[in-house]
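Heads up: the structure comes next, in structure tokens.
Protein chains: 2
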Amino acid sequence: MPTLFKKPREIRNYLRSVKCEGKTIGFVPTMGYLHDGHRKLIRDSKVDNHMTVVSIYVNPLQFGEGEDFQSYPRDLDRDISICEEEGVDVVFAPGDEDMYAEMPSLRVEIPGLTDILEGSFRPGHFNGVCIVLLKFFSILQPDRAYFGEKDYQQLKVVQRLVKDLSLPVEIVPVPTVRDHDGLALSSRNTYLTAEERESALSLYRSFLLAEKFFKEGQRNSELLRETIRNFILQHPHVNGIDYVEIRDENLMPVEEVKEGDRILLAVRIGKTRLIDNWRLGNEEL
Amino acid sequence: MPTLFKKPREIRNYLRSVKCEGKTIGFVPTMGYLHDGHRKLIRDSKVDNHMTVVSIYVNPLQFGEGEDFQSYPRDLDRDISICEEEGVDVVFAPGDEDMYAEMPSLRVEIPGLTDILEGSFRPGHFNGVCIVLLKFFSILQPDRAYFGEKDYQQLKVVQRLVKDLSLPVEIVPVPTVRDHDGLALSSRNTYLTAEERESALSLYRSFLLAEKFFKEGQRNSELLRETIRNFILQHPHVNGIDYVEIRDENLMPVEEVKEGDRILLAVRIGKTRLIDNWRLGNEEL
């Protein structure tokens, strides 16, 4: 069984003594309802570090009004079982009263990065992400922290946060884990009906289509984006596309697409908002 | 002699091993050109902690355009001598290339706190203060950090920063140190000519005047502020008053003044901008 902590002060003291024994700490921040994507993060951490800490906390500060904070799936017992299966050493599952005894009035932004894409559709989202991560980093003092490329913009925000504040933690990106049919794993997939899930596959398939055109020589960003949009919109239950963008690896806009650029999109299927992204020039295909 | 470090990585590793020996670290952040106010911070730290670290770094990020970053007084050898006299264990004097290999694009603000008073006259100032302190805290991992009440708003910003991000450092406020004639010590006092220095005493004397009226029963904030403004403006070389405010201890505006409220002001004397503040109901008088 992993050791379960709920109190920041207790886990801080515990990990401080662990670090003084010369052990490295790998940190996997999650909002729980763990899936195989989380398992991959945990496995990578276990390879790199002496000790792996998983946080399970649905952070209210990164949800906007009208978003799914209340309905976000939660099952701590199941999560702890999965952590046990994966050999996680420590689970940190604080309550809101531990993390936000008082709501922070401080705000963090990275102009040009937290206000684009997800940030423009979810104002305040990355502020919440940055603040909870600064708290976790401060409480846990990990040597490495693991982030899925599924949330590509989040990864970029965290890398910039760590660099700009000289935080002593290495951010390790982990490739997106997809289901057998290509759907990117996400705790929010549980919201989808079977029919909606079928339509959600259009995200992955639109990437394959764009990748095919790219390999055939298509370099026009606008044209590739239109192809993706049109393909996705053909599917039932698609309630709207928040954005389909192609950006360079630092999320700067591109006109002429090149290998390594990313397609990023957010699509509403039924009542569920899904995000996904794809690196063009994917060698696995 | 204190041990001198210039490289963040080296001092981080050194202090990490110190902490693992169970020793506590007190941190005194300074921009150098040390005076008796700094000595007081150092002495307080030495009483509370096993080891005292003084940083000496003129942080470019907290200066605005047209401010005195270039002319700010610097004398590292003299500062190190003072640190030696005071028994400082470690001096951290990084270069700009160590602190800002790349300029941060991240921005920190605390609405209602970083955008008032100094923040409204020095836009970006507290962003620079917060970022450099987050870097220092991350590099040094101090148990306690010492801040003079002379920069009262800065103290409040730092306390909020630490609380909102759950940083494991105790912020220790240290009362303002004044010269024999009442002038609050500041490295910027070196800018003043003898005549200007005489006029600068009007800041302290205006506090004494307000304190006298307060003790006599005057509770009207607007009236006390007018008294202070008029008194200061009578003096030669006074080039303008940026603000005279009376706030509660959390810097919220007050109409009816009570004990513990603070007078805060910023005054330009010749080319020098001075700030000072005063706690009403001062028991020493």
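Heads up: the protein sequence lines correspond to chains A and B, in order. Reading the first sequence from the start, the letters are residues 1 to 285 in the numbering used here. Reading the second sequence from the start, the letters are residues 286 to 570 in the numbering used here. Idealized CB from N, CA, C, for every residue including glycine.
Check: Closest by CA to H465 of chain B, which one among B:I456, B:L559, B:E455 and B:R482?
Finding: To locate residue 465 of chain B, count along the second sequence from 1; it is residue 180. Ranking the options by Cα distance to H465 of chain B, first place goes to B:R482.
Notebook entry, point to check: Do you know whose CA, among A:D79, A:D151 and A:D75, lies nearest L265 of chain A's CA?
Noted result: Position 265 of the first sequence, counting from 1, holds the residue named residue 265 of chain A. Comparing Cα positions, the closest option is A:D151.
Next item on the list: Answer yes or no: do L161 of chain A and L391 of chain B have a C-beta to C-beta separation smaller than 8 angstroms?
Entry: Within the first sequence, residue 161 of chain A is the residue found at index 161, counting from 1. Within the second sequence, residue 391 of chain B is the residue found at index 106, counting from 1. Result yes, Cβ atoms of L161 of chain A and L391 of chain B sit closer than 8 angstroms.
Notebook entry, point to check: How would you list, in chain order, the residues of chain A whose beta-carbon sits under 9 angstroms from the beta-carbon of E387 of chain B?
Noted result: The residue labelled residue 387 of chain B in the question sits at position 102 within the second sequence. By Cβ distance, chain A contributes K163 and D164.
Notebook entry, point to check: Any C-beta of chain A sitting closer than 8 angstroms to the C-beta of C305 of chain B?
Noted result: Residue numbering aside, residue 305 of chain B sits at position 20 when the second sequence is read from its first letter. Taking Cβ atoms only, chain A reaches closer than 8 angstroms to C305 of chain B, which makes this a yes.
Item checked: Members of the segment 394–413 of chain B that neighbour chain A once the beta carbon cut-off is set at 8 angstroms -> E394, I395, P396, G397 and L398
Margin query: Using only CA atoms, which one of A:L280, A:I263, A:T193 and A:F231 lies nearest to G217 of chain A?
Written below: For this step, residue 217 of chain A is matched to residue 217 along the first sequence. Of the candidates A:L280, A:I263, A:T193 and A:F231, the one whose C-alpha sits nearest the C-alpha of G217 of chain A is A:L280.
Item checked: Between the CA atoms of V339 of chain B and E370 of chain B - distance to the nearest angstrom -> The count along the second sequence starts at 1 and reaches residue 370 of chain B at position 85. The count along the second sequence starts at 1 and reaches residue 339 of chain B at position 54. Roughly 13 angstroms between the two C-alpha positions.
Check: When the Cα atoms are used, what is the spatial distance from Q439 of chain B to T315 of chain B?
Finding: The residue you call residue 439 of chain B lines up with position 154 of the second sequence. The residue you call residue 315 of chain B lines up with position 30 of the second sequence. Rounded to whole angstroms, Q439 of chain B to T315 of chain B spans 13 angstroms at the Cα level.
Next item on the list: Closer than 7 angstroms by C-beta to G148 of chain A: which residues in its own chain qualify, once you throw out the five before and the five after it? Chain order, please.
Entry: Numbered from its first residue, the first sequence carries residue 148 of chain A at position 148. Excluding residues within five positions, the ones whose Cβ falls inside 7 angstroms are G37, L41, V174 and T176.
Note to self: Output needed in chain order: residues of the segment 246–264 of chain A with a Cβ under 7 angstroms from some Cβ in chain B.
What the structure shows: none
Check: Taking 7 angstroms as the cut-off, is the CB of Y100 of chain A close to at least one heavy atom of the ligand ADP?
Finding: The ligand ADP is not among the ligands present in this structure, which contains no ligands whatsoever.
Item checked: Own chain partners of T190 of chain A with C-beta closer than 8 angstroms, once the 5 adjacent residues on each side are dropped -> One-based indexing of the first sequence puts residue 190 of chain A at position 190. Answer for T190 of chain A: Y33 and P73, listed in chain order.
Notebook entry, point to check: Once you ignore the five residues that flank V313 of chain B on each side, which residues in its own chain have a CB closer than 6 angstroms to its CB?
Noted result: Stepping through the second sequence from its first residue, residue 313 of chain B is reached at position 28. If we look at V313 of chain B and ignore the five residues flanking it on each side, its Cβ neighbours are L326, I327, S330, V339 and Y431.
Check: Are there 16 or more other CB atoms within 10 angstroms of the CB of P104 of chain A, so buried, or fewer, so exposed?
Finding: Position 104 of the first sequence, counted from the first residue, corresponds to residue 104 of chain A. Classification for P104 of chain A: buried.
Check: Where R232 of chain B and E507 of chain B are concerned, what is the direct C-alpha to C-alpha distance, given to the nearest angstrom?
Finding: No statement about residue 232 of chain B is possible, as the shown extent of chain B runs from 286 to 570 and does not include it.
Next item on the list: Check distances from the C-beta atoms of the segment 135–152 of chain A to those of chain B and list, in chain order, the residues that come in under 7 angstroms.
Entry: K135, S138 and I139
Notebook entry, point to check: Closest by CA to I310 of chain B, which one among B:E480, B:M537 and B:E455?
Noted result: Position 25 of the second sequence, counted from the start, is the residue given in the question as residue 310 of chain B. Minimum Cα distance to I310 of chain B is reached at B:E455.
Note to self: Tell me the DSSP secondary structure of D143 of chain A in three-state form.
What the structure shows: As a first step, residue 143 of chain A must be located in the first sequence, where it is residue number 143. Three-state result, D143 of chain A: coil.
Next item on the list: Look up T190 of chain A in the DSSP assignment and say whether it is helix, strand or coil.
Entry: One-based indexing of the first sequence puts residue 190 of chain A at position 190. DSSP places T190 of chain A in helix when its eight states are reduced to three.
Note to self: At the level of alpha carbons, what is the spacing between R510 of chain B and F377 of chain B?
What the structure shows: Counting from 1 along the second sequence, the entry for residue 510 of chain B is found at position 225. Counting from 1 along the second sequence, the entry for residue 377 of chain B is found at position 92. Distance between the alpha carbons of R510 of chain B and F377 of chain B is about 41 angstroms.
Checklist line | Through-space distance from D68 of chain A to R78 of chain A, alpha-carbon basis | finding: Within the first sequence, numbered from 1, the residue matching residue 78 of chain A stands at position 78. Within the first sequence, numbered from 1, the residue matching residue 68 of chain A stands at position 68. Using only the alpha carbons, I get a separation of about 21 angstroms.
Margin query: Helix, strand or coil for D242 of chain A? Go by DSSP, reduced to three states.
Written below: Your numbering for residue 242 of chain A matches position 242 in the first sequence. Here D242 of chain A sits in strand by DSSP.
Note to self: If we require 3 or more residues per run, which beta strand (DSSP E) segments fall completely within the segment 44–132 of chain A?
What the structure shows: 51–56, 90–92 and 107–109
Item checked: Contacts that P293 of chain B makes with chain A (C-beta to C-beta distance below 7 angstroms) -> Your numbering for residue 293 of chain B matches position 8 in the second sequence. The contacting residues are S166.
Next item on the list: Quick one: grab the DSSP three-state call for L446 of chain B.
Entry: As a working mapping, residue 446 of chain B is identified with position 161 in the second sequence. The answer is helix: DSSP assigns L446 of chain B an H, G or I state.
Margin query: Using the three-state DSSP reduction, which class does D276 of chain A fall into: helix, strand or coil?
Written below: Position 276 of the first sequence, counted from the start, is the residue given in the question as residue 276 of chain A. It is a strand residue.
Next item on the list: Sort out for me which residues DSSP pairs G26 of chain A with in a bridge.
Entry: As a position in the first sequence, residue 26 of chain A is number 26, starting the count at 1. Answer is A:T52 and A:R144.
Item checked: Separation of H410 of chain B from N298 of chain B, as counted between CA atoms -> Within the second sequence, numbered from 1, the residue matching residue 298 of chain B stands at position 13. Within the second sequence, numbered from 1, the residue matching residue 410 of chain B stands at position 125. When rounded, the distance between both Cα atoms is 30 angstroms.
Notebook entry, point to check: Which of the three DSSP states, helix, strand or coil, is assigned to T288 of chain B?
Noted result: Within the second sequence, the letter at position 3 stands for residue 288 of chain B. Note: T288 of chain B maps to strand in three-state DSSP.
Next item on the list: Provide the residue(s) that pair with L509 of chain B in DSSP beta bridges, ordered along the chain.
Entry: If you number the second sequence from 1, residue 509 of chain B lands on position 224. Bridge partners of L509 of chain B: none, in fact.
Next item on the list: Under 8 angstroms between beta-carbons, which chain B residues line up against S105 of chain A? List them in chain order, please.
Entry: For the purposes of this step, residue 105 of chain A is taken as residue 105 along the first sequence, with counting starting at 1. Within chain B, the residues near S105 of chain A are I395, P396, G397, L398, R445 and D449.
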